[in-house]
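J.:
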Amino acid sequence: MAIDIKPAESCEYACVSLGEVMLRLDPGEGRVHTTRQFTAWEGGGEYNVTRGLRRCFGLKTAVVTAFADNPVGRLVEDFILQGGVDTQYIKWVDYDGIGRTVRNGLNFTERGFGIRGAVGCPDRGNTAASQLKPGDIDWEEIFGKRGAQWFHTGGIYAALSATTPDVVLEAVKCAKKHGTIVSYDLNYRPSLWKDFGGLKKCQEVNREIAKYVDVMIGNEEDFTACLGFEVEGVDENISHIPVEAFKAMINTAIKEFPNFKATATTLRAVKTATVNDWAAMAWHDGEFYESLQFPGLEILDRVGGGDSFASGFIYGFLSENDPQEAVDYGCVHGALAMTTPGDTTMASLKEVKKIKAGGGARVDR
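This note's numbering puts the first residue of the sequence shown at 39, with every later residue one more than the last.
#1: Mind the definition here: the segment 163-171 touches the segment 318-333 only if three or more C-beta pairs lie below 8 angstroms; say whether that holds.
#2: How far does the alpha helix (DSSP H) with Thr202 in it reach, from first residue to last?
#3: What is the DSSP secondary structure of Glu148, counted as helix, strand or coil?
#4: Can you tell which of Ala364, Asp339, Lys391 has its C-alpha closest to the C-alpha of Gly66?
#5: Starting from Pro154, trace the alpha helix (DSSP H) in both directions and tell me its first and last residue.
#6: State buried or exposed for Lys30, treating a residue as buried only when at least 16 other CB atoms are found within 10 Å of its CB.
#7: Does the pairing of the segment 247-254 with the segment 191-210 give three or more beta-carbon distances under 8 angstroms?
#8: Kindly provide the ranges of any alpha helix (DSSP H) runs that are 4 or more residues long and lie completely inside the segment 328-391, ordered along the chain.
#9: Taking buried to mean at least 16 other C-beta atoms within 10 Å of its own C-beta, is Ala375 buried or exposed?
#10: Examine the ligand SAM and report whether any of its heavy atoms sits within less than 8 angstroms of the Cβ of Leu170.
#11: Since Asp260 is in the alpha helix (DSSP H), which residue starts that stretch and which ends it?
#12: How long is the line joining the alpha carbons of Gly397 and Thr147, rounded to whole angstroms?
#13: Using 8 angstroms as the Cβ pair cut-off and three pairs as the minimum, do the segment 168-180 and the segment 348-364 touch?
#14: Pick helix, strand or coil for Val110, following the three-state DSSP scheme.
#15: Does DSSP classify Ala40 as helix, strand or coil?
#16: In this structure, how does DSSP classify Lys285 when only helix, strand and coil are distinguished?
#17: Let me know the secondary structure DSSP gives Cys49 once reduced to three states.
#18: Following the continuous alpha helix (DSSP H) through Val243, name the residue where it begins and the one where it ends.
#19: Taking all protein chains shown into account, decide if Arg403 is buried (16 or more other Cβ within 10 angstroms of its Cβ) or exposed.
#20: With 16 as the cutoff for other CB atoms within 10 Å, does Thr88 come out buried or exposed?
#21: So what does DSSP say about Pro160, is it helix, strand or coil?
#22: When you compare the CB of Ala375 with every CB in chain D, is at least one pair closer than 9 angstroms?
#23: Go ahead and pull the three-state DSSP assignment for Ser221.
#24: Which residues mark the beginning and the end of the alpha helix (DSSP H) in which Leu63 is found?
#25: DSSP three-state call for Lys394: helix, strand or coil?
#26: With respect to the alpha helix (DSSP H) encompassing Gly193, which residues constitute its N-terminal and C-terminal limits?
#27: I need the boundaries of the alpha helix (DSSP H) containing Asn142, first residue and last residue.
#28: I'd like the list of long-range same chain contacts for Ala318, defined as Cβ closer than 7 angstroms, with 5 residues on each side in sequence excluded.
#29: List the DSSP bridge partners of His71.
#30: Could you tell me whether the segment 69-83 touches the segment 111-118, using the rule of 3 or more Cβ pairs below 8 angstroms?
#31: Taking 9 angstroms as the threshold (C-beta atoms), are Gln169 and Ala104 in contact?
#32: Just the Cα atoms here: how many angstroms apart are Val194 and Leu230?
#33: Could you tell me whether the Cβ atoms of Tyr133 and Asp161 are closer together than 9 angstroms?
#34: Could you check where the alpha helix (DSSP H) with Arg93 kicks off and where it finishes?
As structure tokens, then:
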């Protein structure tokens with residue numbers, strides 16, 4: 039079942055995302071609990087995808103989110119504007135002055151180094167994006183009148199509150215109605231589900247949303263935790279990914295969810311925080327496709343690597359509708375994104391194509 043993508047000339051946006059965008063505060067090479075200064079970035083699992091499609095791949099994109107209308111929210115908006123992503127679907131909520139009723143999310147992030155893994159310390163309770171509810175966003179305007187070839191959202195946003203799963207369902211149903219391709223990154227985060235019903239609620243929510251998804255993205259932990267599919271032979275530290283076992287799991291998933299037109303996963307074996315084996319795999323129309331491989335990939339900042347994979351994967355389908363090209367674009371873009379700081383990509387399409395064609399890291403003068 040091939041992916042039927044609407045012609046670009048009939049759509050105002052190549053991709054629209056729904057998710058929370060937070061202010062990322064990064065102590066650089068230090069630790070959150072000892073630093074005296076932070077570098078500020080924007081970031082968010084779903085938003086990072088549309089930003090990558092805009093900045094690296096040159097496609098017109100938009101983000102649907104919400105902010106408390108205060109200087110922090112306006113700072114994140116400014117970051118989004120610098121990334122070229124359309125901000126007209128941001129919902130602004132009056133700020134009460136202290137954050138009792140609504141606030142903007144912060145994400146303190148340590149990159150990790152060697153034997154010390156990366157650490158995230160999110161401070162995202164009671165955010166404006168988590169308080170969105172059905173009826174707050176005019177999806178008919180976005181998918182019907184403006185048109186979008188692709189819609190991307192994911193399990194991070196669906197886990198933020200009691201209302202966000204319903205917002206996701208409202209969006210994906212409208213997208214399907216108008217022929218927009220829906221992709222969903224499972225992005226399992228135990229901390230988000232801990233006080234929201236745990237694994238049982240996680241699977242209940244994600245399995246309902248999965249019924250409306252065309253392209254399901256996630257790693258082995260995501261498919262297991264969010265959808266209940268086990269991958270045999272994966273140890274606790276995920277030091278090795280048994281590819282054949284993962285393929286067997288995907289075959290089971292697509293039988294249960296025949297609406298999946300494609301699935302994709304990154305294959306990451308963590309040797310140290312700064313050295314990972316990195317590759318990806320996709321399933322489409324009955325066939326599996328394995329990406330270029332980067333054994334022993336040196337990493338500066340791993341956060342956002344999976345989102346950059348997703349944006350490259352989507353670009354491959356939007357530009358060439360070719361699953362092999364898609365998984366290679368995704369893998370290379372994700373690898374490059376992890377060589378620079380911050381959640382979002384700093385790579386160019388020229389760089390992606392160079393590495394994809396076998397180019398190396400010699401000085402480019």
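We treat Cβ as the ideally placed atom computed from N, Cα and C, and that holds for glycine.
T.: In terms of the structure at hand:
#1: Short answer: they don't touch.
#2: Sequence index remark: in the sequence shown, residue 202 carries index 164 (1-based). 202-215 is the span of the alpha helix (DSSP H), which, as asked, contains Thr202.
#3: Residue 148 sits at position 110 when you count from the first residue of the sequence shown. The answer is strand: DSSP assigns Glu148 an E or B state.
#4: For this step, residue 66 is matched to residue 28 along the sequence shown. Sorting Ala364, Asp339, Lys391 by C-alpha distance to the C-alpha of Gly66 places Asp339 at the top.
#5: Within the sequence shown, the letter at position 116 stands for residue 154. One detail in the question is off: residue 154 reads as Arg in this sequence, not Pro. It is not in any alpha helix (DSSP H) - Arg154 carries neither H nor E in the DSSP assignment.
#6: Nothing in the structure corresponds to residue 30, since the chain is present only between 39 and 403.
#7: The way I'd put it, the segment 247-254 does touch the segment 191-210; three or more beta-carbon pairs between them come closer than 8 angstroms.
#8: For the segment 328-391, the continuous alpha helix (DSSP H) assignments of 4+ residues that do not extend past its boundaries occur at 343-358, 361-375, in sequence order.
#9: Against the sequence shown, residue 375 aligns to sequence position 337. Buried, by the Cβ-count rule.
#10: Questions concerning the ligand SAM fall outside what the structure shown contains, since it holds no ligand whatsoever.
#11: As a position in the sequence shown, residue 260 is number 222, starting the count at 1. In this chain, the alpha helix (DSSP H) harbouring Asp260 covers 258-265.
#12: On the sequence shown, position 359 is the one that residue 397 refers to. On the sequence shown, position 109 is the one that residue 147 refers to. C-alpha separation (whole angstroms): 31 angstroms.
#13: Not touching, per the Cβ criterion.
#14: To locate residue 110, count along the sequence shown from 1; it is residue 72. Residue state, collapsed to three classes: helix.
#15: Here residue 40 corresponds to residue number 2 of the sequence shown, with the count starting at 1. Coil at Ala40, not helix or strand.
#16: Counted from its first residue, the sequence shown places residue 285 at position 247. Assignment of Lys285 by DSSP, reduced to helix, strand and coil, places it in the helix class.
#17: Position 11 of the sequence shown, counted from the first residue, corresponds to residue 49. In the displayed model, Cys49 falls within coil according to three-state DSSP, outside both helix and strand.
#18: As a working note, residue 243 is residue 205 in the sequence shown. Annotation: the continuous alpha helix (DSSP H) that includes Val243 extends over 236-248.
#19: By 1-based counting over the sequence shown, the position of residue 403 is 365. Caution applies to Arg403, whose pLDDT of 49 falls short of 50 and renders its modelled position unreliable; the value that the coordinates give is listed next. The residue is exposed, with fewer than 16 neighbouring Cβ atoms inside 10 Å.
#20: The residue labelled residue 88 in the question sits at position 50 within the sequence shown. That one is buried.
#21: Taking the first residue of the sequence shown as position 1, residue 160 is located at position 122. Pro160 falls in the strand class under three-state DSSP.
#22: Structure shown: chain D not included; a single protein chain is present.
#23: Indexing the sequence shown from 1 puts residue 221 at position 183. In the structure shown, Ser221 falls within a strand segment according to DSSP collapsed to helix, strand and coil.
#24: Against the sequence shown, residue 63 aligns to sequence position 25. Taken as a continuous stretch (DSSP letters only), Leu63 belongs to no alpha helix (DSSP H), being part of the beta strand (DSSP E) at 60-64.
#25: Translated into the one-based positions of the sequence shown, residue 394 becomes position 356. Helix, per DSSP.
#26: Here residue 193 corresponds to residue number 155 of the sequence shown, with the count starting at 1. Per DSSP, Gly193 belongs to the alpha helix (DSSP H) from 193-196.
#27: For the purposes of this step, residue 142 is taken as residue 104 along the sequence shown, with counting starting at 1. Element bounds for Asn142: n/a, residue is neither H nor E.
#28: Locating residue 318 in the sequence shown gives position 280, where the first residue counts as 1. Closer than 7 angstroms at Cβ, skipping near neighbours: Ala302, Thr303, Thr304, Leu305, Ser329, Phe347, Val365, Gly368, Cys369.
#29: On the sequence shown, residue 71 is found 33 positions in, with the first residue counted as 1. His71 pairs with nothing; no bridge assigned.
#30: Touching, yes.
#31: Your numbering for residue 104 matches position 66 in the sequence shown. Your numbering for residue 169 matches position 131 in the sequence shown. Yes; because the gap between Cβ atoms is below 9 angstroms, this pair is in contact.
#32: For the purposes of this step, residue 194 is taken as residue 156 along the sequence shown, with counting starting at 1. For the purposes of this step, residue 230 is taken as residue 192 along the sequence shown, with counting starting at 1. Looking at the sequence shown, residue 194 is not Val but Ile. In this structure, the CA atom of Ile194 is about 8 angstroms from the CA atom of Leu230.
#33: Residue numbering aside, residue 133 sits at position 95 when the sequence shown is read from its first letter. Residue numbering aside, residue 161 sits at position 123 when the sequence shown is read from its first letter. No, they are not a contact pair.
#34: Residue mapping note: residue 93 aligns to position 55 of the sequence shown, counting from 1. It spans 85-93 - the alpha helix (DSSP H) in which Arg93 sits, taken as one unbroken run.
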